[in-house]
Each structure stands twice: as C-alpha cells, then as structure tokens.
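Written below as structure tokens is the structure these notes are about.
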Amino acid sequence: MRKSEVLAAESVACLNKALCHLKDIWEEIGIPEDQRLQRTNVVKNHIKGLLDMMITEEESLRTRLLSSIEACRKQLDTLCLELQLPPFEEERGVTMLQQEKEIRTQVEVLVKERTQRMQQLKALTERDQDLCDTLCSNPYALDPNAVPSLEQLNSFHQHIASQTTEKERRHAEFVGIKRQIVLCMDDLDQLPETSFEKDIVCEDQEAFCLSKDNIASLKLLLGQLEERKAENQAVCEAHREKIQELWDRLQVPQEERELFTEHMVASKKKNLDALEAEGRRLMELKRLNMQNVTEAIRSEIAVLWEKCFFSSDQQQAFVPYFSNDFTEQLLGLHEAEILRLKQRYEEHKELFEGVQRWEESWRLFLELEKKATDPSRFTNRGGNLLKEEKQKAELHKSLPKLEKKLKAQIDVWEQEQAREFLVNGQKFLQFVEEQWELHRIEKENEKLERQLKKSKQIEVDMLYGTAVRTPTKRRFLGTTTPSKARKFNGTTSSLSSANSNSTMRSAYGGTVCHSPSRPPLSVNKVPSVRTPGRSKPPLAGLQERNKENMGQVTGLGVPLQSGGLKTLASPQRNFSINSVASTYSEFATGLINTVIESVQSSETSPRPLTPRASQTY
62 MRKSEVLAAE SVACLNKALC HLKDIWEEIG IPEDQRLQRT NVVKNHIKGL
112 LDMMITEEES LRTRLLSSIE ACRKQLDTLC LELQLPPFEE ERGVTMLQQE
162 KEIRTQVEVL VKERTQRMQQ LKALTERDQD LCDTLCSNPY ALDPNAVPSL
212 EQLNSFHQHI ASQTTEKERR HAEFVGIKRQ IVLCMDDLDQ LPETSFEKDI
262 VCEDQEAFCL SKDNIASLKL LLGQLEERKA ENQAVCEAHR EKIQELWDRL
312 QVPQEERELF TEHMVASKKK NLDALEAEGR RLMELKRLNM QNVTEAIRSE
362 IAVLWEKCFF SSDQQQAFVP YFSNDFTEQL LGLHEAEILR LKQRYEEHKE
412 LFEGVQRWEE SWRLFLELEK KATDPSRFTN RGGNLLKEEK QKAELHKSLP
462 KLEKKLKAQI DVWEQEQARE FLVNGQKFLQ FVEEQWELHR IEKENEKLER
512 QLKKSKQIEV DMLYGTAVRT PTKRRFLGTT TPSKARKFNG TTSSLSSANS
562 NSTMRSAYGG TVCHSPSRPP LSVNKVPSVR TPGRSKPPLA GLQERNKENM
612 GQVTGLGVPL QSGGLKTLAS PQRNFSINSV ASTYSEFATG LINTVIESVQ
662 SSETSPRPLT PRASQTY
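Residue 62 is where the sequence shown starts when you use our numbering, and the numbers rise one by one after that.
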C-alpha cells in the first residue's frame, strides 16, 4: 500500500474524528438538530471547497506539464533538424513529470550546441572574409544564417587553414619579389613610374592585394627589370672586355687602370656611362697608336694560332698578318681575325684542351725516355729513379686512353661539322701515329748507333788488340823490378819496346794479347818462364776472345799459364802478315754492313701497329 493511500485513510479518519468531536461538542452545548445540520453543512462545504481548490491546482499543473512537453517536443524536433541530428527518442514507461524534464533538458543541450556552432560559423566567416579581401578570392560557400553541421565546420576550418597558408606563401613571395624589384630599380637608377610600381615600392606590404593576377604582374615586372639589368650587364661586360683589350694593347699604366676599378665591377647606369666614355677615349688613342695596337693584336693572334694548332700554311693564309701598311683597314682585318679565332677556340675548346693535354703528356713521356738513357740517373739520390719509372708507367697507360677518348670526340665532331679536325695542318690521328713512328725510328737509330759503335770497337780491338785492365797487387819491399825479370835467354827483351803497338806491358796488371797484324815471337825467342809467384793467369773471357786470333796467326795458339803464347810449328807459318790483317779487316767491315742492311730491311718492311697504337684504336 502506498504511503499516499495511508495518508488519505488517516485524513479520512481525522475527518471522522473531527466530526465526532464536533458532534460531542454540539451535544454538550445543546445545539439543536437544525443548527447541527447547518454547521455540518458548513464543514462539508469548507472541506469540499478546499479539496476542489487543491484539485484545480493539480489539474492546472498537469495541464502545464502537458503543454510544456508538447512545446519541448516541437522545439526538440526543430533543433534536431537544424543541427542535422536524428530525432530524439523518448523513454517509455516514465511519468509525465520525468518525461517533461528529459525533453526540457535535451532541448537545453541542443540549444547550447546550436549557439556554439553559430558562434564558430560567425568567427570563421569573418576570418574568411579577411582572407578573401587579402587574396582577392571568393568567400566560402556556406549560408551564414543556417546552423552548420559538424562536417561543414570541419571543412570550413580546413579551407581557412589552406587560405592562411596560401596567404603566407604569397606574402613571402611578394616580399622576395619586391626586394628584387627594388634592387633592380636601384641598379638601373629607375624610379617607380606606374601606380602598380608605386603600390609595390611605396605602399605598406600588408595593404597589397596578394591576388594571382598581382603576383603574375609582379613576376612579369621583375622579369622585365632583370632582362634590362642583364642587357646592361652584358653591355657593361662587353665594354669591360673591349677596354681591357685596349688597355693591354695600348699599354695603359696600372695606376690609370686602378682609378677605373669601380666601373669594372658594378653594372649600374652610371657605370655603363663611364664605360662608354672610357671606350670612346681608348678608341681615339687606338686610332692614334695604330701600329702598336696592330702588333699587340698580332701577338694575340699568334697565341691563338698556337692554341688552335694552326699549321704554317694556315698561318700564311692570313696575308694581312705580314703587311707593314698599318692602316685602319688593316687593324679591322686583324680584329675580325682575332674575333674569328676566339670564336673557333671557344666552340672547340674541349678538343683543343684535350690535344694540349696529349702533347704535354707526350712531351713528358719523351723526356722520361731520354732520361732513361742517362747513366748518371743511377747515382741520383732521393728516389728520383723510382718516381720517374712510376710516372713513365702511368703515361704508358694514360696516353692510349687519352688517344682513344680524343678519337671518339673527333669522330663526333667531324660528323657534326662535316669536315676534318686538323692539328698543325694534318689529321690528329695521323699526327699521333707519326709521333709514335718518329719515336720508334729514333729508338731504332739509337740502337743502330750503339751497334755501329760496338762494331767499330770490335774492329779496333781486332786490329790493335785489347787491353783488359785488372787491379795490380802492391809489391813487397825488396822484390825485383819487372825489367830484371823479363829477360829473353839472359838478355833484356828489346822486342818489348819495339812491339809496343801490339802488346801491353805487364805493368798494367793485364794479359798480353797479340794483334793479328804482328807475327808471334819465334820459337827461339820464347820468353823465359816467370816464377809462379810473380805471374798471373789470363782471364777466361779474354782467352776465348783471343783464341781465334791466335789460332789464325800461329796455326794453333795455346795460352800459357805465364800470360804468354806458345807457338807450335806449322806448314803455314810463312804466310804474309798483311794478308792476315786484311782478312780481319774485311771480316769486320762485312759484319758492319750486315748489321746496317738488317736494320734498313726492318725499316722498309711493313710494320705492324705498335702496342700503344693497338691499345689506342
């Protein structure tokens, strides 16, 4: 049982008790029955009126709750529609009061959400309008009076962020372009003329409209100014080159040049005017110093001829170079020629530099080859020999590679130019082959000279004998002199002095070898045998070298342990000495002729490619 029902029962009991008490009082007082009815009716009416009033109030409360619920439901539906939310679902099985409270609370939440969204939309709209004014773009397409959805607000935020980034980028670009425009105008000594230029240079940076058209106009203006600046710089550079050439040709003092240093660096309008004035002044000086200027240009032409590897025929083709009639026309021809040569050198600079590197490497290679034949290099200290050999080995590898690279470049150049690439009047590859061929011939000539020198020495040795010098021993004190020891049959050998052209004295410490042009000593004049302690055995190499000579002269020559020659009897011992000498002279001459013919035949025979050439091509 509910508490309200208990209270109602208690109220009824109180009412009954009160009526009973009133009845007792009325009886005690003695109020008549009609007055009792009247008084009871008053009590009833009073109680009934009070209860009716209470019922009316509660019914009014119920009515207000119902109207509130209805109004909140309508407002809730509207808010859900504006906020693009799903309809609110009421909880079932609740009282009217709870229902009204839930609906009213939900309406308050949605009203607050709506207010926040509208405030965000207003702030974003104002920010977007500022960006549109700065960037000259269209506003974001969103109704400012409608409640935006969360997706629309997020999209609006992203749009504002991108617009802000674009504004910063354009502003930075504008600031950079403006700085360059100001510098260019300063270099050109130019003031802002149009309203657009004044807006750029004079107005505040924040007030400038950063539209795409304005940025494009800025770039166009900067391009025009840079083009004019580049033209001024090119003109100034041309004036500087011309002035420098005239200074060198006219031999202008360095002090006078230093006074003009400022204009040789900057390229402003005032510098251009100064350069033009200096050029006119130097041209007038050139006209007054025609011969000196022409000779200076000729020196430059000679240098360019050397750089471009012009042959003597190509140099002779420029006839004005050798003229002594120094006129303005002659000077003009020289200037045109040097301009043509400079252009030719610049167009083919890579090839010319490659050929120059090859010539330098080739020159160094020849120097190292020449040093390789110098015996004194073996006595040098500091490791020069090792360095030279290492450098020579590197050149052996680098020269063929460089020749191969130049060949490829020259082939491409000849295909493009449809003409041959000449070095000193001939094809470069032919020039390289000739250099290798000349080097080979020179090496063979050196080899031939050595062979001829050796053959001549052999002939001299055959005709006059060979002295092989060996170190002599120091004599002990008290030993006999060689003149006392050399006796033939008890007498001093007079043949030793008479035959000085064919023998060497034992005082040199060597072995005595007889020349074929002189007869050996007779058997009766065999020199006395020396003591073993004083005599020296002949060298083995010398014995083999003199074996043939001694055999032909004596018929059978046998070297003695004492250093002499023992001659045996032979039927042919009476032949002529002159015939022997002529025989060996003819033999030496024939040997020399044979060597010369072999070398000449090797030169005239077809030569295969050298190893270097084969490596190169």
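Quick reminder that beta carbons are idealized off the backbone N, C-alpha and C, glycines included.
Taking the C-beta atoms as reference points, Gly486 is found nearer than 8 angstroms to Gln375. If you draw a straight line from the Cα of Met325 to the Cα of Leu346, it is about 19 angstroms long. Check the Cα spacing between Arg175 and each of Arg63, Leu146, Thr186: the tightest is with Leu146. Counting of Cβ neighbours within 10 angstroms places Gly91 among the exposed residues, the total staying below 16.
Taking 8 angstroms as the upper bound for CB-CB distance, Cys193 and Ile164 are not in contact here, some 42 angstroms apart. Here the segment 370-389 makes no contact with the segment 323-337; the two share fewer than three CB pairs at distances below 8 angstroms. Rounded to the nearest angstrom, the Cβ distance from Arg318 to Ile358 is 19 angstroms, too far for a contact under 8 angstroms. Between the segment 179-197 and the segment 234-249, the count of C-beta pairs closer than 8 angstroms stays below three; the two stretches do not touch.
Residue burial is scored here from C-beta neighbours: Gly110 has fewer than 16 other C-beta atoms within 10 angstroms and is therefore classed as exposed.
For Leu252, the three-state secondary structure derived from DSSP is coil.
The three-state reading of DSSP puts Gln487 in strand, counting E and B together. By the Cβ test, the segment 394-408 is not in contact with the segment 421-428, since fewer than three Cβ pairs between them sit closer than 8 angstroms. Residue ranges of uninterrupted alpha helix (DSSP H) with 4 or more members are absent from the segment 161-237; none lies entirely inside it. Taking a cut-off of 8 angstroms on C-beta distances, the segment 288-307 does not touch the segment 269-278, as fewer than three cross pairs fall below it. Look at Gln452 here: in three-state DSSP terms it is helix. Pairing Leu286 with Arg231 gives a Cβ-Cβ distance that is not under 8 angstroms. With contacts defined by Cβ atoms closer than 8 angstroms, Ile261 and Lys228 do not form a contacting pair.
The shortest C-alpha to C-alpha distance from Ser223 to any of Val236, Leu185, Glu258, Pro209 is the one to Leu185.
The C-beta distance from Val168 to Leu142 rounds to 13 angstroms, too long to fall under 8 angstroms, and the pair is not in contact. Sixteen is the threshold: when 16 or more other Cβ atoms of the shown chains lie within 10 Å of the Cβ of Cys297, as they do, the residue is buried. Relative to Leu76, the option among Glu89, Leu98, His107 whose CA is nearest is His107. Distance check between Leu499 and each of Arg511, Trp423, Leu463, Glu450 places Trp423 closest, using alpha-carbon atoms only. If you draw a 10 Å sphere on the C-beta of Thr388, you find fewer than 16 other C-beta atoms in it, and that means exposed.
With a threshold of 16 other beta carbon atoms within 10 Å, Ser256 falls short and is exposed.
Straight across, the Cα-Cα distance linking Asp386 with Gln312 is about 22 angstroms. The criterion of a C-beta distance shorter than 8 angstroms is satisfied by Ser328 and Asp248. Around the beta carbon of Phe383, fewer than 16 other beta carbons lie within 10 angstroms, which makes this residue exposed. Collapsing the DSSP output to three states places Thr434 in coil. Annotation: the continuous alpha helix (DSSP H) that includes Asp138 extends over 94-143.
DSSP places His409 in the coil class of the three-state scheme, outside both helix and strand. DSSP places Cys81 in the uninterrupted alpha helix (DSSP H) bounded by 64-90. Inter-residue distance for Thr117 and Thr124 is about 10 angstroms (C-alpha atoms, whole angstroms).
For Glu367, the uninterrupted alpha helix (DSSP H) run begins and ends at 351-368, by DSSP. For Glu264, there is no enclosing alpha helix (DSSP H), as DSSP gives it neither H nor E.
Taking all protein chains shown into account, Arg301 has 16 or more neighbouring C-beta atoms within 10 Å of its C-beta and is therefore buried.
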